[in-house]
Every structure is written in structure tokens, then in C-alpha cells.
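**Q** Here the working numbering is used: the first residue of the sequence shown is 166, the next is one more, and so on. By construction, the Cβ of each residue, glycine as well, lies at the ideal position given by its N, Cα and C atoms. Pasting a structure below so you can have a look.
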Amino acid sequence: MRVINVVGARPNFMKIAPVMREMQKRPCFQPLLLHTGQHYDDAMSRVFFEDLRIPKPDIYLGVGSGTHAEQTARIMVEFERIVADRKPDLVLVVGDVNSTLACSVVAAKLRVPVAHVEAGLRSFDRDMPEEINRLVTDSISTLLFTTSRDADENLLREGHGLDQIHFVGNVMIDTLLASAERAEQSDVLERLGLQDRGYAVLTLHRPSNVDDPATLAGIVDALEQVQARIPIVFPAHPRTSTRLQTFGLAARVARMPSLIAVEPQGYLDFMKLVAHCAMVLTDSGGLQEETTVLGVPCLTLRNNTERPVTVTEGTNTLVGPNPNAIVRESLKVLAGEGKRGRRPELWDGHAAERIAAVLEERGPKL
Ligand code: UD1
């Protein structure tokens, strides 16, 4: 089975790593790795290939940044040529970024079956570009691999057949568990002068939080108060760094004595930071899942989540972007009232094996 595995942006890399590894182990697969180049900075891309020992991409499209239409269109034009040339039996896409949507649409129109890993997640919020990407990708995929039962229900409600849906667990957690020992060896805590459980980790990049000056200023107000209680390590996404500058907030952030702004971190250093912190403040999707498995309280600065299992079973609390709520909930966690949670069903490190087994059983003529 000739498979083109697609990655484009940072959160895709940890999802594809175990899938590629599993396909390389099984002689029935001829896997190719295609990187669209949606993320291209060393810190957003190259370091993950090294940390996760992902093979060098066989095909690199180098599309770069742009508006959603520009980026999506560039990927589609380039990917159409690749599919016509390589004639894969299957295109496998992960997650919900623009590369996921662009490549699935191209493959479906060329009548190449698409497998979507992490299918069925819904925030029910179409202001999020990722929600549009998830809806479109799922609607044209042949095989839908899910991380939780709620995703299966969403897909069934949207009219997908039971034969298309496979609840396999979470490939991002495969990578987390497989990398735990190596992450533990990172010296990032010493380098940043941090004590075990003596700091918080912050990530912020959603357009809804960082593209609106008033919302971002409110979050900065809240951070000012929280960092007075506990140091906050803040690996800043390029989009967020730019917005802080543009909105005149960068100097204020720089002046906060215990807000430690750092470059985006590699996978192993970042996972070490998360595993040993007192709490995470984030608007990321993947981090809600990783904190749940690591048993670290997570405050999500969004009003909704497409990953409800992290709230119902895990350590996640939705606090939204409201400054008072962020400070109030942070203080609760610091007072020892953070959620403990448990690991969701099938988040056991074997999701990629299940995916490969399903594909192998169905064979090249899906
Ligand atoms: C993308 C994904 C988002 C994911 C996030 C993780 C979509 C719609 N969004 O958002 O789901 O959570 O990745 O990071 O696909 N930039 C750089 N260097 C890079 C990449 C981006 O400087 O390597 C800057 C560019 O100025 C760019 C901006 O960051 O315009 C945003 O990048 P983009 O890929 O459009 O979206 P993200 O916000 O990263």
C-alpha cells in the first residue's frame, strides 16, 4: 500500500511520528512523508524531526505563510502534482491545520481515499479556522480514526457510517509516552533556573486570543497578577510575539519580573517543562491532552473545547479569556485545588499500531 503521510504545522509532527514508525515496521506499507512547509522555522519544524526521530520528509512543498486562502491554495496546487505523479493508494492526514484540509480535498477529488487521524473532534465554534478544517476533512475522508467516544458520536450524527469510524486512541499520546524518558533527561529546568512544581507554563497563539487587542491586553493583565504568585515560563509563538509588539504590549510583558519569555521550545524540552510544572495556562488543543495524561492541572483560555474528554475525565478546566476568571482559577490551582483526572480510554501508547492494523486488514483497495 503506497501511502502519502502529510504534515504541515507543529502539532502534526508528534502525531505522524508513531504512524510512520509503525508503517515502516510492516512490509505491506510503502510510506512516504510529505511536509507542506506550513511551518518552516527551525524552532517550529526542524527541531521536532530531530527530537522525535522522524525521517527526513520525502517531499517538501515549502509553501510558507499567508492568508488562509493563499496558504491552502498553494498547498493544493503543489499537492495535486504530487498525487498525480506518485499515485498513492491512500493519503493519510492528521489533526486540523490548513495542510490537513488542503491535502484531503486534493486527494478526494483525485479519487484517492483519505484517512483522517484525530477525526470527529468538534468545538461547535465556526469562528475557529480549525473547526472548518475538521468538518471539511471528515466529510470527504474514507476512514475516520478517532481519539474518544464523543468524536465517534459526532461523526455518526453527521451521517458517517460505522464501517468508516475506528476508535483507536491518541497518537499524540503515543509520542508522549514513547518520549517520556528522553524528555526527562532534558536540563531545561536548570537552564531556566526553575524548581520542580515551582512554576507555571503558558502558551498562547489562537487568533481569538491574540489577534484582538482588547482580549490580548486582558490576558496580559491577568498574567501580571499570576506571575506575582508563581513564575510563568512563556514559549512565545511567532504570531503572538508579533501581536504583542503591534499592540504595544511587548514592553509591559518584558517588564514583568517573573514572566520568563523564551523562544518556542523543542519537543523534549517542552515536555520536561510541562511534566514538572505546577499548572499550564494555554489555548492549545494538544496541550489539553498532554496535561491530562501527565496529571498536570490545565487552565484553557478558551470558552469551548473540541476535546471534552480532557474536561470530563482529565485535568482540564475551561476558563475563557476573561482576566478575573484566569486569576481566580489560577489561585485555586496554586492553593492545591487543581484537577487530578485520569487517563482516557485507549490513550495507552498504542494508537498507531491500531491504525496500521486497520489499514493492513482493509488492504490497498479501500
Ligand atoms: C497553525 C494552525 C493551528 C495550530 C498552530 C500551532 C491552521 C489554521 N492553524 O496556526 O491549528 O494550533 O499552527 O502552531 O492551520 N510563522 C513563523 N514561522 C513559522 C510558522 C509561522 O514565523 O514557522 C508566523 C507567520 O508570521 C505566520 C504566523 O506565524 O503568518 C501564523 O502561522 P500559520 O501557519 O498561519 O498559523 P498558526 O497560527 O501557526
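How about residue 256 and residue 390: are their beta carbons less than 8 Å apart?
**A** Not a contact, by the Cβ cut-off of 8 Å.
**Q** Is the beta carbon of residue 520 less than 8 Å from the beta carbon of residue 333?
**A** Judged by beta-carbon spacing, residue 333 lies within the 8 Å limit of residue 520, meaning their Cβ atoms are closer than that value.
**Q** Would you mind reading off the limits of the beta strand (DSSP E) that contains residue 170?
**A** Counting along the chain, the beta strand (DSSP E) containing residue 170 begins and ends at 167-172.
**Q** Along the chain, which unbroken stretches of the beta strand (DSSP E) at least 3 residues long are found entirely within the segment 238-326?
**A** 255-259, 279-282, 308-311
**Q** Which runs of the beta strand (DSSP E) fall wholly inside the segment 340-368 and span at least 3 residues, in chain order?
**A** 365-368
**Q** For the segment 182-201 against the segment 289-309, do three or more pairs of beta-carbon atoms, one drawn from each stretch, fall closer than 8 Å, so that the two count as touching?
**A** no
**Q** What residue range is occupied by the uninterrupted alpha helix (DSSP H) comprising residue 177?
**A** 175-190
**Q** Can you tell me whether residue 401 is buried or exposed, with buried defined as 16 or more other CB within 10 angstroms of its CB?
**A** buried
**Q** What three-state label does DSSP hand residue 426 in the structure shown?
**A** strand
**Q** Would residue 312 and residue 298 be called neighbours here (beta carbons separated by less than 8 Å)?
**A** In this structure, residue 312 lies away from residue 298, with their beta-carbon atoms at least 8 Å apart.
**Q** What does a CB cutoff of less than 7 Å around residue 347 pick up in its chain, not counting 5 residues either side in sequence?
**A** 433
**Q** Give the straight-line distance between the Cα atoms of residue 273 and residue 338, rounded to the nearest whole angstrom.
**A** 28 Å
**Q** Could you give the residue range of the beta strand (DSSP E) that holds residue 399?
**A** 397-400
**Q** Rounded to the nearest angstrom, what separates residue 468 and residue 485 at their Cα positions?
**A** 4 Å
**Q** Put residue 333 into one of helix, strand or coil per three-state DSSP.
**A** coil
**Q** Could you please give the first and the last residue of the uninterrupted alpha helix (DSSP H) stretch that includes residue 456?
**A** 451-459
**Q** Quick one: is the Cβ of residue 510 within less than 7 Å of any heavy atom of ligand 3?
**A** This structure simply doesn't include ligand 3; it includes ligand 1 instead.
**Q** I'd like the span of the alpha helix (DSSP H) that includes residue 433, first residue to last.
**A** 432-440
**Q** Under 8 Å Cβ to Cβ from residue 419, same chain only, skipping five residues before and after it: list those, please.
**A** If we look at residue 419 and ignore the five residues flanking it on each side, its Cβ neighbours are 426.
**Q** Taking the beta carbon of residue 480 as the centre, do at least 16 other beta carbons fall within 10 Å, making it buried, or is it exposed?
**A** buried
**Q** Which of helix, strand or coil does DSSP assign to residue 421?
**A** coil
**Q** Does the beta carbon of residue 174 fall short of 7 Å from some heavy atom of ligand 1?
**A** yes
**Q** Identify whether residue 384 lies in helix, strand or coil by the three-state DSSP scheme.
**A** helix
**Q** Over what stretch of residues does the alpha helix (DSSP H) that includes residue 475 continue unbroken?
**A** 474-477
**Q** Would you decide whether residue 206 is buried or exposed? Buried here means 16 or more other CB atoms lie within 10 Å of its CB.
**A** exposed
**Q** Give me the DSSP bridge partner(s) of residue 195.
**A** 167
**Q** If I'm right that residue 409 touches residue 397 with Cβ under 8 Å, what's the distance once you round it to whole angstroms?
**A** In fact, because the Cβ distance is near 14 Å, the residues do not count as touching under 8 Å.
**Q** With a CB to CB cut of under 7 Å and the five nearest residues on each side skipped, what residues in its chain are close to residue 180?
**A** 259, 260, 282, 283, 336, 337
**Q** On the criterion of 16 or more Cβ atoms from any shown chain inside 10 Å, does residue 411 qualify as buried, or is it exposed?
**A** exposed
**Q** What do you get for residue 288, buried or exposed, if any count of 16 or more other CB atoms within 10 angstroms of its CB means buried?
**A** buried
**Q** Pair every Cβ in the segment 365-372 with every Cβ in the segment 212-220, then say whether three or more of these pairs are closer than 8 Å.
**A** Here the segment 365-372 does not lie against the segment 212-220, with fewer than 3 beta-carbon pairs under 8 Å apart.
**Q** So residue 392 and residue 424 are supposed to be a Cβ contact under 8 Å. How far apart are they, rounded?
**A** 5 Å
**Q** Who are the Cβ neighbours of residue 329 in its own chain at under 7 Å, not counting the five residues just before and after it?
**A** Answer for residue 329: 307, 308, 309, listed in chain order.
**Q** Flag this pair as yes or no: are the beta carbons of residue 223 and residue 168 separated by less than 8 Å?
**A** no
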